[in-house]
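Chemist: In UniProt numbering, the protein residues as written are 1 to 331. Note that CB positions come from ideal geometry on N, CA and C, so glycine has one too.
1) Residues in its own chain within less than 7 angstroms of residue 191 by CB, not counting five upstream and five downstream?
2) Kindly identify the DSSP beta-bridge partner or partners of residue 169.
3) Are the stretch 63-80 and the stretch 115-132 touching by the rule of at least three beta carbon pairs closer than 8 angstroms?
4) Count the other CB atoms within 10 Å of the CB of residue 252; is the residue buried (16 or more) or exposed (fewer)?
5) Just how far apart, CA to CA, sit residue 287 and residue 264?
6) Measuring alpha carbon to alpha carbon, tell me which residue in 210, 260, 262 and 228 is nearest residue 42.
7) Just checking my contact of residue 180 with residue 56 at CB under 8 angstroms: how many whole Å lie between their CB atoms?
8) DSSP three-state label for residue 312, please.
9) How long is the line joining the alpha carbons of residue 323 and residue 159, rounded to whole angstroms?
10) Buried or exposed: which applies to residue 306, given that a residue is buried once 16 or more other Cβ atoms fall within 10 Å of its Cβ?
11) So residue 144 packs on residue 93, CB below 8 angstroms; how close in whole Å?
12) Considering only C-alpha positions, which residue in the set 242, 275 and 270 is nearest to residue 249?
13) So what's residue 324 in DSSP terms, helix, strand or just coil?
14) Helix, strand or coil for residue 285 per DSSP?
15) So the alpha helix (DSSP H) residue 111 belongs to, where does it begin and stop?
16) Compute the beta-carbon to beta-carbon distance between residue 28 and residue 198, rounded to the nearest angstrom, for a pair I have assumed lies under 8 angstroms.
17) Once you ignore the five residues that flank residue 154 on each side, which residues in its own chain have a CB closer than 7 angstroms to its CB?
18) Around the C-beta of residue 231, are 16 or more other C-beta atoms found within 10 angstroms, so that it is buried, or is it exposed?
19) Is residue 174 helix, strand or coil when you go by DSSP?
20) Would residue 118 be called buried (16 or more neighbouring beta carbons within 10 Å of its own) or exposed?
21) Using the Cβ count rule (16 or more neighbours within 10 Å means buried), how would you classify residue 168?
22) What residue from 149, 36 and 224 has the CA that sits closest to residue 127's CA?
23) By how many angstroms is the C-alpha of residue 229 removed from the C-alpha of residue 81?
24) Does residue 35 come out as helix, strand or coil in the three-state DSSP assignment?
25) Can you give me the C-alpha to C-alpha distance between residue 246 and residue 310, rounded to a whole angstrom?
26) Let me check understanding here. Comparing Cα to Cα, which of 254, 303 and 139 lies closest to residue 272?
27) Would you report the Cα separation of residue 89 and residue 318, rounded to the nearest angstrom?
28) Where does residue 232 fall in DSSP's three states?
29) Could you spell out where the alpha helix (DSSP H) holding residue 204 opens and where it closes?
30) Mind checking who residue 135 pairs with in its DSSP beta bridge?
31) Comparing alpha-carbon positions, which option in 36, 25 and 24 lies nearest residue 206?
32) Of all the options 256, 107, 140 and 295, which has the alpha carbon lying nearest to the alpha carbon of residue 222?
33) Can you give the Cα-Cα distance for residue 268 and residue 308, rounded to whole angstroms?
34) Suppose contacts are defined by Cβ-Cβ distances below 8 angstroms. Is residue 142 in contact with residue 124 by that definition?
35) For a test of the three-state rule: what should DSSP assign to residue 180, helix, strand or coil?
Okay, structure coming up:
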């Protein structure tokens, strides 16, 4: 599954010639979350001008013509709790859009929604030809209006599910003279690996290290786990005990590649293997993938103690991810 976000022709519809004090651009993180824990970069700018796609690290964390940085939340439950979208730099609000429903494009008319692909949005003029655009914000969450001056770090809305998107995220686009640029590698040659200039300030740069693959969700449940349960937060709220019908470890990962092999093992307090799910190699690149491994309750219930799960992704014969997590079962 991939995010279907903003395109340049949509941005052009927002652009206008309002002026702001000219300044060099230095970007703060445009979202109030902890990258790598409560939010993750799902997609970067596509730096390959051909029908293929390549991010600024020559990786696959993008798709053809993608013109921004997608920072996604871990679930719809996190979105409903409210995560603020922040102005990345001082400027003047050029244009806003409000009133677009928060609903996955998979549940509505894709062709109709494509006319407002950015969803609820704002564009800010930072002067000297620099603009930033913030897309897919939550309906009713925008706190700014056209012509308003904003400061870096000021709240302008909240992350939503409006427009052409399948999961809650902020699509953040940086433009110079109305052309989208890569804030991780400004002025780098097309298809280059690294190079260019990062437009982020020091704090944002430290918060945004490049990672080819991430674990988005992980945990334990007392029974079967579904994607809907993860999105709603139910899978993380229902804590297993020694009397649970089953003990199921689950992982949702993002940024997986064709040929990746995933192994999820479950171990008892003595380190004995209780279950293992060794999935078939992936048949293509995957924006996200969900695996689980579990065992039914033994006679008399589970023994109290620390149970562990180990998730491993093997890529080209080497570990791309190795994560262990545990749960202490109590009566």
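Modeler: Considering the structure as presented:
1) One-based indexing of the chain shown puts residue 191 at position 191. Hits under 7 angstroms: 47, 48 and 54.
2) Here the question's residue 169 lines up with position 169 in the chain shown. Beta-bridge pairing links residue 169 to 72.
3) no
4) Counting from 1 along the chain shown, the entry for residue 252 is found at position 252. So residue 252 ends up on the buried side.
5) Along the chain shown, one-based indexing puts residue 287 at 287. Along the chain shown, one-based indexing puts residue 264 at 264. Whole-angstrom Cα-Cα distance: 19 angstroms.
6) Along the chain shown, read from residue 1 onward, the residue named residue 42 stands at position 42. Of the listed residues, the one whose Cα sits closest to residue 42 is 210.
7) Within the chain shown, the letter at position 180 stands for residue 180. Within the chain shown, the letter at position 56 stands for residue 56. The Cβ separation is near 13 angstroms, so there is no contact.
8) Residue 312 sits at position 312 when you count from the first residue of the chain shown. Strand, per DSSP.
9) As a working note, residue 323 is residue 323 in the chain shown. As a working note, residue 159 is residue 159 in the chain shown. Their Cα atoms are separated by approximately 28 angstroms.
10) Within the chain shown, residue 306 is the residue found at index 306, counting from 1. The residue is exposed, with fewer than 16 neighbouring Cβ atoms inside 10 Å.
11) Here residue 144 is taken as the residue at index 144 of the chain shown, counted from 1. Here residue 93 is taken as the residue at index 93 of the chain shown, counted from 1. Rounded, the Cβ-Cβ distance is 5 angstroms, consistent with contact.
12) Indexing the chain shown from 1 puts residue 249 at position 249. Closest option to residue 249, Cα to Cα, is 275.
13) As a first step, residue 324 must be located in the chain shown, where it is residue number 324. Here residue 324 sits in strand by DSSP.
14) Here residue 285 refers to the residue found at position 285 when the chain shown is read from its first residue. Here residue 285 sits in coil by DSSP.
15) Taking the first residue of the chain shown as 1, we reach residue 111 at position 111. 110-113 is the span of the alpha helix (DSSP H), which, as asked, contains residue 111.
16) Mapped onto the chain shown, residue 28 falls at position 28. Mapped onto the chain shown, residue 198 falls at position 198. Going by Cβ atoms, the distance from residue 28 to residue 198 rounds to 13 angstroms, so no, they are not a contact pair.
17) As a working mapping, residue 154 is identified with position 154 in the chain shown. The answer, listed in chain order, is 86 and 87.
18) If you number the chain shown from 1, residue 231 lands on position 231. Classification for residue 231: buried.
19) Here residue 174 refers to the residue found at position 174 when the chain shown is read from its first residue. Residue 174 falls in the strand class under three-state DSSP.
20) Taking the first residue of the chain shown as position 1, residue 118 is located at position 118. Classification of residue 118: buried, given that the 10 Å Cβ count is 16 or more.
21) Within the chain shown, the letter at position 168 stands for residue 168. With 16 or more other Cβ atoms within 10 Å, it is buried.
22) If you number the chain shown from 1, residue 127 lands on position 127. For the residues 149, 36 and 224, the minimum Cα distance to residue 127 belongs to 149.
23) Taking the first residue of the chain shown as position 1, residue 81 is located at position 81. Taking the first residue of the chain shown as position 1, residue 229 is located at position 229. Approximately 16 angstroms between the Cα atoms of the pair.
24) Taking the first residue of the chain shown as 1, we reach residue 35 at position 35. Correct three-state label for residue 35: strand.
25) Looking up residue 246 in the chain shown gives position 246. Looking up residue 310 in the chain shown gives position 310. Whole-angstrom Cα-Cα distance: 18 angstroms.
26) In the chain shown, residue 272 corresponds to position 272, counting from 1. Of the listed residues, the one whose Cα sits closest to residue 272 is 303.
27) As a first step, residue 89 must be located in the chain shown, where it is residue number 89. As a first step, residue 318 must be located in the chain shown, where it is residue number 318. Taking the straight line from one Cα to the other gives about 40 angstroms.
28) Stepping through the chain shown from its first residue, residue 232 is reached at position 232. Three-state DSSP puts residue 232 in a helix.
29) Position 204 of the chain shown, counted from the first residue, corresponds to residue 204. Taken as a continuous stretch (DSSP letters only), the alpha helix (DSSP H) holding residue 204 covers 202-207.
30) Here residue 135 corresponds to residue number 135 of the chain shown, with the count starting at 1. Answer by DSSP bridge pairing, in chain order: 171.
31) Taking the chain shown and counting its residues from 1, the one referred to as residue 206 is at position 206. Per the Cα distances, 36.
32) For the purposes of this step, residue 222 is identified with residue 222 of the chain shown, where counting begins at 1. With distances taken between Cα atoms, residue 222 lies closest to 295.
33) Within the chain shown, residue 268 is the residue found at index 268, counting from 1. Within the chain shown, residue 308 is the residue found at index 308, counting from 1. Using only the alpha carbons, I get a separation of about 7 angstroms.
34) As a position in the chain shown, residue 142 is number 142, starting the count at 1. As a position in the chain shown, residue 124 is number 124, starting the count at 1. It is not a contact, given that the beta carbons lie outside the stated cut-off.
35) On the chain shown, position 180 is the one that residue 180 refers to. Three-state result, residue 180: strand.
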